[in-house]
Amino acid sequence: MPQKPRPLDDSQSMAHWFGVELRTWRELRGLSTTALGAKVHLSGSSIQRIEKAERPCNADLAASLDDALDARGALRRLWRRVEADADSQGRDADKLRSEALVEASNLAAPGTLEARTLAEVDGSDVERRSFLAGGAAVLGPIGVGALGHASLPKVIRNDDVEQVWMASALLAQWDNQYGGAGLVRSASIGLYRWATSLLDVRCPGRLEPELFTAVGRLAIVMGASAFDAYEHDDARFYLGAGVKFAEHAGNWHLRASAMNWLARQAIWVGEPDDGLTHAENGLVRSDRLTPKEQAMLHNARARAHAKMRDIDAAVRAIGHSDEIFSHAAEGEDAPWMSYYDRAQHHGDTGHALFDLTILAGHSPAAAADRLKIAIEEHRDGYVRSRALSGTKLASLRMATGDPQEAVAVGHRALDEVGRLRSQRAVDDVQELRRIAASRSRNVGVADLRERIRTTVQA
């Protein structure tokens, strides 16, 4: 039985009063914090913290909450009183309180929104701020006002954009080698806060698309990392931000990457129909995408169809992906597509065929062949990808009658899984352990199952 929420005290401040009223309206409408958060593009924990006056709100967000709850202006009017109360305490006191709230937010889980005080700026800056207020900022874990103005450049330069690219490249490298949890997760939050702060700085028109593309790429890397760590709400926020940044920059290639990750995550969490929608959305104007990008998205389609046990549709999508991938040429893709090589292509299609075998009785031969190619050809920088394909091949062999090969492949995969901080890898080896249960009288299988247990607990 869920615990009853702790009573709130509306006498401490106007912000606390606002929080009490917000909870009252939310409960009146029968909404959970998660359900309300979804309506205003925030996490459920962010709504809880606003109700407790533990994190700042702003006029735009108060208006969105008012609309979402059909509060008929009550929350809008009350928020004006919150602002008036803050003004009456003086600019210095207001600044100190804001800094304390920002510091508290830095310790919170990602998926929160900071209040910002905007200086008078020129038209280009206003447009960027309008973009942020319109949706991308609420997707970030830390607001762009979290850094002091002294730590930001006065005008964006090429070097600033290049630093964002270097940050995303470093995080992607760590994520592929070590998994999305641990150090990668912690380091990424500060980098994202800094990168989104640059969007609040005056930027020459010629650099603006490059800046949004670079920040969008960082958001996608963080979304993929959060997905691997099973921080699924945060992953959706970051990947959604990546889509918005890409669309603002007019970058179809970056948009395709974000839609691919949204599709993969939805499929992984048991929502293949949503995953199919994301993949097909990514293929809008496919004439603007490279063969590798198109193949990547058709693989997501194949994996969605496989989860839905639609053999014909999945096989057609794989065939389409194979045909398009055969036309890929060196040097035509963005840097972030460097991961998508022959090994990745065979791993992705092999995973789809694995699901067809396990869920729909498809022949295991094609899945095994593709997974073997992925394992053999994945470069050392892609430890997680190689481990995931190895675990799938072991599960496939265990389920289809060759336990000795399954044991050998499984042990090799565990050698690499033990180096990772990846919830996806953990889930896959636990699946292998479940599949192996029916063969546990075999000494080798029993040893493998025990090693999986100790590896997961480590």
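Numbering-wise (our numbering), the sequence shown opens with residue 33 and increments by one.
Think of the CB as a built atom: it goes at the ideal place given N, C-alpha and C, for glycine as much as any other residue.
Keep in mind the model is a prediction, meaning the values are calculated, not measured.
- Counting along the chain, T56 sits inside the alpha helix (DSSP H) bounded by residues M46 to L60.
- With a contact defined as Cβ atoms closer than 8 Å, H383 and R335 qualify at about 6 Å.
- Collapsing the DSSP output to three states places V439 in a helix.
- Taking all protein chains in view, the Cβ of P367 is surrounded by fewer than 16 other Cβ atoms within 10 Å, so the residue is classified as exposed.
- Per the C-alpha coordinates, the member of A204, E53, K276 and D479 positioned closest to P241 is K276.
- Here the alpha carbon of L97 sits roughly 7 Å from the alpha carbon of L107.
- Within the stretch 380-457, complete alpha helix (DSSP H) segments of at least 4 residues are found at 397-409, 415-431 and 435-449, given in chain order.
- Less than 9 Å divides the Cβ of G76 from the Cβ of S64.
- Collapsing the DSSP output to three states places V187 in a strand.
- R238 carries a coil assignment under DSSP once its states are collapsed to helix, strand and coil.
- Secondary structure of S472 (DSSP, three-state): coil.
- Taking the CA atoms as reference points, D306 sits about 7 Å from I299.
- Excluding sequence positions up to five before and after D380, its CB lies within less than 6 Å of the CB of N331, all in the same chain and listed in chain order.
- Per DSSP, G363 lies in no alpha helix (DSSP H) segment and is marked neither H nor E.
- Between S200 and V253, the gap from beta carbon to beta carbon is short of 9 Å.
- Shown here, L243 sits in a helix according to DSSP, grouped into three states.
- Excluding the 5 residues flanking it on each side, K324 has same chain C-beta neighbours closer than 6 Å at A360, D365, M369 and Y372, in chain order.
- A295 and D117 have their C-alpha atoms roughly 45 Å apart.
- Of all C-beta pairs linking the stretch 387-398 to the stretch 408-423, fewer than three are shorter than 8 Å, placing the two stretches out of contact.
- Of the other Cβ atoms in all chains shown, 16 or more fall within 10 Å of the Cβ of D232; this residue is therefore buried.
- E312 is not a Cβ neighbour of R341, given a cutoff of 9 Å.
- CA-to-CA, the gap between Y224 and K186 works out to about 19 Å.
- As the crow flies, the alpha-carbon of L329 is around 11 Å from that of T309.
- G237 places its beta carbon 9 Å or farther from that of R416.
- Around the Cβ of Q376, a 10 Å sphere holds 16 or more other Cβ atoms; the residue is buried.
- For H337, the uninterrupted alpha helix (DSSP H) run begins and ends at P323 to K339, by DSSP.
- In this model, I82 and R55 are separated by some 9 Å (Cα to Cα).
- A contact is defined here as three or more CB-CB pairs under 8 Å, and the stretch 461-479 fails this definition with respect to the stretch 270-286.
- Here V461 carries a helix assignment [DSSP, helix/strand/coil].
- In this structure, the beta-carbon distance from G442 to G422 falls below 9 Å.
- It is roughly 41 Å from the alpha-carbon of D191 to the alpha-carbon of H352.
- For a cut-off of 8 Å, the C-beta gap from V439 to V488 is around 17 Å, too long to register as a contact.
- Between L101 and R61, the gap from beta carbon to beta carbon is short of 9 Å.
- About 13 Å separates the Cβ atoms of D387 and L420, ruling out a contact at the 8 Å cut-off.
- Note on geometry: alpha-carbon atoms of M291 and G105 lie some 36 Å from one another.
- By alpha-carbon distance to Q209, the top candidate from R418, L110 and Y262 is R418.
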